[in-house]
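Top to bottom, those sequences are chains A and B.
Its first residue numbered 33, the first sequence is counted upward by one per residue in my numbering.
Its first residue numbered 19, the second sequence is counted upward by one per residue in my numbering.
C-beta: ideal position from N, C-alpha, C; glycine also.
Accompanying notes for the structure given below.
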Amino acid sequence: MAGAAAVFLCCTAWPAPALADGAAMPSMDPSRPVLCIDAASPDGQRWRVQCDENSKTCLWSPDGEVDRSGVVKRDLERARSCTPAPASYLTERKTGGYQLVRALPDAPYGWERDERGRVYQVNFDLKRRLYLGAAWAPSRVAGETEAGRTTFDFGLLVWEHLRRSRSPTRHRLRLVEGEARLAPYSASLVLAHYDVSRHYDNPLVRITTFFGRPRRSDLTLHLGTWVEAGGLELHGEDQGNARLWKLATGHLTIDLWQSADLESYARARAGVGFEGASQDGLGDRSAVTPGGALESELTLDKRGFHHLGAEIEHERPRYIEGSEGTAERTRARVHYEVIVIALNDQPLSLRLSAGAEKRDDIPGLADRWALTAQAGLRFSLWAPPRAQ
Amino acid sequence: MGAAARAVARGAGRWSAAVIAVVLVAALPRAAAADDPCWVSHRHGAYPACFDPGNRLHLDLTSDGVGAGIRLRHVVGADDPDVSWRLEHEIASVRATRGAIRAVAYAGRFVRHSTDGHVVLPFGRPRKLFLPFDIGAEAEVGSLRGDTSGGSLHLGVVRGAALIDLSRAGNFRRRLAIGAAARWDIEVDGDSRTARAHAVAPLSLAALDLRAESRSGLTSAGLRAEVGGVWSTDVGWRRWVGADAEIERVLVAVQDRPLSVFVGGSFEPEDESVSGLVGLRLAPLIRVPGRRASSIDD
Numbered sequence: 033m034a035g036a037a038a039v040f041l042c043c044t045a046w047p048a049p050a051l052a053d054g055a056a057m058p059s060m061d062p063s064r065p066v067l068c069i070d071a072a073s074p075d076g077q078r079w080r081v082q083c084d085e086n087s088k089t090c091l092w093s094p095d096g097e098v099d100r101s102g103v104v105k106r107d108l109e110r111a112r113s114c115t116p117a118p119a120s121y122l123t124e125r126k127t128g129g130y131q132l133v134r135a136l137p138d139a140p141y142g143w144e145r146d147e148r149g150r151v152y153q154v155n156f157d158l159k160r161r162l163y164l165g166a167a168w169a170p171s172r173v174a175g176e177t178e179a180g181r182t183t184f185d186f187g188l189l190v191w192e193h194l195r196r197s198r199s200p201t202r203h204r205l206r207l208v209e210g211e212a213r214l215a216p217y218s219a220s221l222v223l224a225h226y227d228v229s230r231h232y233d234n235p236l237v238r239i240t241t242f243f244g245r246p247r248r249s250d251l252t253l254h255l256g257t258w259v260e261a262g263g264l265e266l267h268g269e270d271q272g273n274a275r276l277w278k279l280a281t282g283h284l285t286i287d288l289w290q291s292a293d294l295e296s297y298a299r300a301r302a303g304v305g306f307e308g309a310s311q312d313g314l315g316d317r318s319a320v321t322p323g324g325a326l327e328s329e330l331t332l333d334k335r336g337f338h339h340l341g342a343e344i345e346h347e348r349p350r351y352i353e354g355s356e357g358t359a360e361r362t363r364a365r366v367h368y369e370v371i372v373i374a375l376n377d378q379p380l381s382l383r384l385s386a387g388a389e390k391r392d393d394i395p396g397l398a399d400r401w402a403l404t405a406q407a408g409l410r411f412s413l414w415a416p417p418r419a420q
Numbered sequence: 019m020g021a022a023a024r025a026v027a028r029g030a031g032r033w034s035a036a037v038i039a040v041v042l043v044a045a046l047p048r049a050a051a052a053d054d055p056c057w058v059s060h061r062h063g064a065y066p067a068c069f070d071p072g073n074r075l076h077l078d079l080t081s082d083g084v085g086a087g088i089r090l091r092h093v094v095g096a097d098d099p100d101v102s103w104r105l106e107h108e109i110a111s112v113r114a115t116r117g118a119i120r121a122v123a124y125a126g127r128f129v130r131h132s133t134d135g136h137v138v139l140p141f142g143r144p145r146k147l148f149l150p151f152d153i154g155a156e157a158e159v160g161s162l163r164g165d166t167s168g169g170s171l172h173l174g175v176v177r178g179a180a181l182i183d184l185s186r187a188g189n190f191r192r193r194l195a196i197g198a199a200a201r202w203d204i205e206v207d208g209d210s211r212t213a214r215a216h217a218v219a220p221l222s223l224a225a226l227d228l229r230a231e232s233r234s235g236l237t238s239a240g241l242r243a244e245v246g247g248v249w250s251t252d253v254g255w256r257r258w259v260g261a262d263a264e265i266e267r268v269l270v271a272v273q274d275r276p277l278s279v280f281v282g283g284s285f286e287p288e289d290e291s292v293s294g295l296v297g298l299r300l301a302p303l304i305r306v307p308g309r310r311a312s313s314i315d316d
């Protein structure tokens with residue numbers, strides 16, 4: 033009897049559920065407990081309730097997805113279990129001066145809900161995905177512009193993992209990643225890429241000076257490794273098709289700057305690789321290739337929507353078989369990727385890039401700066417929410 | 019040992035564990051369950067009446083050659099019980115006929131199944147619109163198709179497709195997927211072993227993928243097709259039409275290893291020719307769904 037009276041008081045004194053503007057509604061805190069109250073509304077709806085003693089406010093929402101008229105149609109997706117509470121709980125809060133505010137149900141990290149309680153992902157980790165994209169890729173070489181050039185790029189697996197500790201370590205793995213360009217034709221592929229960044233808690237070297245008062249200076253070097261295996265470049269030239277096999281390359285890296293989660297960085301790397309090249313009618317060549325690069329990858333926002341990268345790389349193949357002397361390869365590139373839409377929580381992103389390249393290792397390629405640009409879309413699969 | 023095998027099988031959501039799981043699940047004895055329709059009781063011991071054609075090692079004897087391959091498929095759950103990932107893999111698939119060979123090093127299909135399809139527009143406050151399909155992708159790396167007598171070889175470096183699955187099936191038995199495909203192929207001269215032409219399709223192909231499979235796994239049928247334009251270094255843009263279809267039916271099982279007959283046909287995109295074949299398929303390693311029932315004599 034007391035319960036029925038409590039429900040009556042609650043439902044007559046407080047507002048009935050109605051579909052409101054989701055943009056104007058606050059959201060329940062997913063880190064705080066949520067109570068569930070049966071028959072909390074005049075039409076018997078079950079509510080999720082979260083009260084805050086400091087602000088004297090109780091947030092409420094239907095415990096389910098509702099249709100446009102506010103009627104519950106199905107259970108909430110990705111909802112935490114809630115603690116049952118009697119209807120008198122709301123009445124007691126009302127008596128205590130609490131304000132009842134319509135809110136969006138709680139959603140897990142990386143997800144949000146609309147005014148109907150439907151959940152959707154709003155935080156994406158593009159460092160864990162499969163992707164496939166296509167782009168318009170004009171280029172300008174030796175005064176000639178190829179405005180109709182297009183390309184498609186792909187990555188069978190992009191996977192990064194952060195091992196948290198006092199000296200956190202981020203592992204980066206990429207399998208079968210590359211692109212193929214047409215009109216004129218060229219293509220590149222890397223079967224396997226792995227690199228690791230580490231933030232060393234202890235300095236590599238500490239120097240104590242004894243001029244006057246002893247003082248300590250720390251020299252911290254965040255060293256890592258960078259390896260690629262199974263690289264392939266193909267170029268269609270007037271003098272015949274050219275093939276460049278980058279069999280294995282290993283570099284030592286020094287991170288000049290790291291974000292706390294090591295996802296963003298600026299670093300220098302240098303090392304050596306072994307490659308073979310061939311061209312129709314010219315035979316095969318092998319080379320040992322010292323090289324180095326300055327590169328940076330930045331994730332610009334917490335939700336993982338904006339990514340900016342830049343790279344300057346120089347390689348100097350020294351031929352050991354089939355040819356003599358050395359060659360030069362220099363390239364620079366800057367790229368930006370932003371998520372524009374998500375289909376079933378799988379992001380579709382816009383990718384822009386610009387670059388320049390100069391090389392003399394492939395006969396037929398103009399030994400002059402080639403300017404390239406790209407504007408296209410990428411479809412990514414997987415891309416879970418970024419780690420908190 | 020049996021407990022270890024079941025523990026590994028529970029972890030079959032991981033790709034590496036899936037390989038081990040298929041082998042062990044096929045090889046080890048199972049617990050009793052008398053009411054499982056996939057197991058038929060017999061006085062000498064229960065025998066299976068269902069098979070999982072997506073988890074097997076198969077050997078083919080066809081009207082004009084031989085073939086073999088490994089297929090794996092498994093479901094990976096998500097935090098949300100309404101969402102799951104259906105992953106299918108084909109590894110080292112080979113078919114050799116008199117004078118010709120077809121092989122694929124790896125082909126995978128990854129579909130995100132959700133009971134709530136939608137598109138999110140992340141402008142201002144994100145908005146959600148309903149969509150009636152699942153999202154997925156296909157990847158194929160290292161395919162080979164060609165003439166073993168010194169003619170041309172078609173090397174498929176990579177093929178990828180973004181798909182929408184209109185069937186929205188929560189299992190592997192039905193698929194009605196359409197999408198856009200990209201591919202990068204190299205036509206190799208068989209004598210000189212040099213590239214004769216390179217072909218690139220920058221998501222310029224429409225892809226269709228149909229599949230139906232009986233609940234018991236004894237009957238299955240599939241059709242895959244690609245239509246569109248491919249740019250080639252020798253002729254520029256050209257039409258590309260390719261299709262594969264196959265129907266398979268398990269007829270008998272020997273020592274619980276199914277032997278099936280299959281009929282297949284294909285429309286080759288390079289020379290736009292039609293070919294067909296009939297064959298027998300033995301699966302010496304195959305996953306059997308359900309659990310073994312007790313025999314009558316037990």
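Those residues of the stretch 203-223 of chain A placed with their C-beta closer than 8 angstroms to a C-beta in chain B are Val208, Gly210, Ala212, Arg213, Leu214, Ala215, Tyr217, Ala219, Leu221, ordered along the chain.
Setting aside the 5 residues that flank it on each side, Lys146/B is surrounded in the same chain by His136, Val138, each with a C-beta closer than 7 angstroms to its C-beta; the list follows chain order.
For the C-beta of Thr182/A, the chain B residues within less than 7 angstroms are, from N- to C-terminus, Pro220. In the three-state reduction of the DSSP assignment, Ser73/A falls in the coil class, being assigned neither a helical nor a strand state. Between Ala217/B and Ser318/A, the alpha-carbon positions lie close to 27 angstroms from each other.
By the criterion of at least three beta-carbon pairs nearer than 8 angstroms, the stretch 98-109 of chain B is in contact with the stretch 122-130 of chain B.
Residue pairing by DSSP places Leu241/B opposite Leu228/B, Ala263/B in a beta bridge. Under the Cβ distance rule, Gly135/B counts among the residues neighbouring chain A, one pair being separated by less than 7 angstroms.
Comparing C-alpha distances from Arg211/B to each of Asn273/A, Arg361/A, Gly180/A shows the shortest one belongs to Asn273/A.
In this chain, Glu389/A is not harboured by any alpha helix (DSSP H); it is covered by the beta strand (DSSP E) spanning 378-391. Scanning chain A for C-beta atoms nearer than 7 angstroms to the C-beta of Val175/B yields Leu221, reported in chain order.
For Asp138/A, the closest Cβ of chain B is not nearer than 7 angstroms. Contact of Tyr152/A with chain B by beta-carbon distance below 7 angstroms involves His136, Val138, Pro144, Lys146. Counting only runs of 3+ residues, the beta strand (DSSP E) found wholly inside the stretch 66-120 of chain A occupies 67-69, 79-84, 89-94, 104-106, 115-117, in chain order. A Cβ-Cβ distance of about 7 angstroms is found for the pair Asp183/B and Leu194/B, placing them in contact under the 8 angstroms criterion. By the C-beta density criterion, Ala179/A is exposed, having fewer than 16 other C-beta atoms within 10 angstroms. Beyond the five residues adjoining it in sequence on each side, Gln378/A comes within less than 8 angstroms, by CB distance, of Phe411, Ser412, Leu413, Trp414, Ala415 in the same chain, given in chain order.
For a Cβ distance threshold of 7 angstroms, residue set Glu109, Arg110 of chain A lies close to Asp98/B, ordered along the chain.
Within the DSSP bridge table, the entry for Ala274/A names His267/A, Gln311/A as partners. Contact holds between the stretch 151-166 of chain A and the stretch 379-391 of chain A, because three or more Cβ pairs, one in each stretch, are under 8 angstroms apart. In the three-state reduction of the DSSP assignment, Ala56/A falls in the helix class, which pools H, G and I. Measuring C-alpha to C-alpha distances from Gly187/A to each of Gln273/B, Ala155/B, Arg74/B identifies Ala155/B as the nearest.
In the three-state reduction of the DSSP assignment, Lys334/A falls in the coil class. The alpha-carbon of Glu144/A is positioned some 8 angstroms away from that of Asp138/A. Here the stretch 237-257 of chain B does not lie against the stretch 296-315 of chain A, with fewer than 3 beta-carbon pairs under 8 angstroms apart. Annotation: the continuous beta strand (DSSP E) that includes Glu156/B extends over 152-165.
Under the Cβ criterion of 7 angstroms, Gln378/A is counted among the residues facing chain B.
With a threshold of 7 angstroms between beta carbons, Thr115/B makes no contact with chain A. Residue pairing for Ser111/B: DSSP places it in a beta bridge opposite Val122/B. Sequence-ordered contacts of the stretch 267-284 of chain A with chain B read Gly268, Asn273, Arg275 [C-beta pairs closer than 8 angstroms].
In the DSSP secondary-structure assignment, Phe184/A is bridged to Ala166/A, Ala212/A. For the stretch 199-228 of chain B, the residues whose beta carbon sits under 7 angstroms from a beta carbon of chain A are, in order, Ala200, Trp202, Thr212, Ala213, His216, Val218, Pro220, Leu221. Chain-order list of chain B residues neighbouring Ile373/A: Val137, Val138, Leu139, Pro140, by C-beta distance under 8 angstroms.
Counting C-beta atoms within 10 angstroms of its own C-beta, Leu91/A has 16 or more neighbours from the protein chains shown and is therefore classed as buried. Using a Cβ-Cβ cut-off of 9 angstroms, Arg130/B is close to Asn376, Asp377, Gln378, Leu413, Trp414 of chain A, given in chain order. Exclusion of the five residues before and after Asp157/A leaves Gly336, Ala415, Pro416, Pro417, Arg418 as the residues of its chain whose Cβ lies within less than 7 angstroms of its Cβ.
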